[in-house]
Structure formats: structure tokens, C-alpha cells
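Heads up: the structure comes next, in C-alpha cells.
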Amino acid sequence: MRFSPVIAALLCFTTWMSMVHASIGPMASCCYWRSKTRVPLERIVDYTNQSEGLCPITAVVFKTKLGKRICSDPNSDWAVKAIQKVDKEKEIKALREKGLNEESTSVLPPAVSTAPKKARRKGSRKARRPQKKKSRRGRKGQKKCV
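With mature numbering (1 follows the signal peptide of the UniProt record, and there is no 0) as the guide, the letters of the sequence shown map in order to residues -22 to -1, 1 to 124.
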């Protein structure tokens, strides 16, 4: 069996590309410019820092509730506030989870609510039916008795 130079070149190129991709990672997640867009801080759920080693610029990549990515200058006032907000929320969430884990290991049984369930109101919208309009002539389609 004889190898052609084209097949050998293709094999070398494929091996090289897989090594580069494995060592550096995909370049699609890099920001190539910084946006000046400032969304409300309530919409931001997470962030990552982008270093200049693998990507062309240093930036903070914010992730919004809708899944959009916003690349921002890490030194801007808005970015610093957004980072502090996300860090604070993560800290609160970690404390809650830690508190729940400590409570679940206690000897006491969990508390059960004794409050009655909401009863359905008599005048609720679902229970009412719209009334039919009454005509003065009687019901349609009926003959009058004489």
C-alpha cells in the first residue's frame, strides 16, 4: 500500500489542528472589542474575566438573564459596580446553601405548616358565568300560546 503526499499532508494538518485546539481552546469565546452598552444591573447574572494572553484584549464578559454576552472595560465604573453586585449575590447564595445544609443535618424534624389551604371563594371569576341577555319578546324560536 502506497501513501500519497496529499494524504500525508492532510493527516499532519489534522493532527496539528487538534493539538492547537486542545491547548488553546476555541477562540470563539473571546471579545475582540469592548462594548459601551450598560444594561440595568438587575439583568446581569454572571461574569468572567478575559485575559490578554489567549485573547486580543483584556475585558470583563458579563452574562445577562437572557443569555447575552456583554464585553466591557474592567476599569469602568459600571463594570466595577456590576462585578460587586454579582459577587454579593453569589456570597448570599452560598450562605443560604450553607445554612440549608446545616439545618438538614440537625436532629429536629422539619416544621410542618398547620395553616389551612386557601379555600375557593364563592365569588371567584371561574365560578361565575356570564348572564344571558333577556329579550322582551320571549325566547327565540318559541311560538306564543293563543
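Each residue gets a CB set at the ideal place from its N, CA and C atoms; glycine is no exception.
Buried or exposed (CB count within 10 angstroms, at least 16 for buried), residue i
i, result
"Gln109", "exposed"
"Tyr10", "exposed"
"Ile70", "exposed"
"Ala57", "buried"
"Ala(-14)", "exposed"
For residue j and residue i, the rounded distance between their alpha carbons
i, j, result
"Lys68", "Ser(-19)", "58 Å"
"Val39", "Cys49", "5 Å"
"Ile(-16)", "Asp65", "52 Å"
"Asn79", "Asn27", "30 Å"
Close Cβ partners of residue i (< 8 Å) along its chain, the five nearest in sequence each way excluded
i, result
"Glu30", "Thr36"
"Ser13", "Ile48, Cys49, Ser50"
"Lys63", "Leu19, Ile22"
"Asp24", "Phe40, Lys41, Val64"
Sequence-distant residues of its chain with Cβ nearer than 7 Å to residue i (five each side left out)
i, result
"Cys15", "Note on identity: in this sequence residue 15 is Thr, with Cys being the wrong assignment. So the qualifying residues of the chain are Ile48."
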